[in-house]
Amino acid sequence: MPKLIFYDSEGKIARVLSSSLPKEEWDIEIYGLEPGESKVLLEESEVPADFSQQAYLYDEGNQALIPNPDYIEPEPPRDYGAEIDEIKVRVEKLEKK
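This is the structure:
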């Protein structure tokens, strides 16, 4: 699935559009640009599987997505259900003493 990527002068990705249309059928000229923005249409094979707007930048010189060196992977969400189960086990052990 091709992706139309809008990016600023620093390569930061502002927005991404996807479509099931083949790349050659996209009319990217109908999509306007914000001031200072550029756009590029990439094939699915040119987009990393773990792609996210914050984790990658678009490098015009190499015409490719590159990892964003300033990106910090967010903490995984806490599993409150598992934490509650652990606390219940601890409480049961304390009650048996």
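Residue numbering for the sequence shown follows the numbering used here, beginning at 1 and increasing consecutively. Think of the CB as a built atom: it goes at the ideal place given N, C-alpha and C, for glycine as much as any other residue.
Where are the beta strand (DSSP E) runs, 3 residues long or more, that stay fully inside the stretch 51-77, in chain order? 56-59, 64-67
One or two residues paired with serine 38 in a DSSP bridge: Tyr7
What residues are listed by DSSP as bridge partners for lysine 12? Leu57
For isoleucine 28, which residues of its own chain have a beta-carbon under 8 Å away from its beta-carbon, when the five flanking residues on both sides are left out? Leu4, Lys39, Leu41
For the alpha helix (DSSP H) containing isoleucine 84, name the first residue and the last one. 80-96
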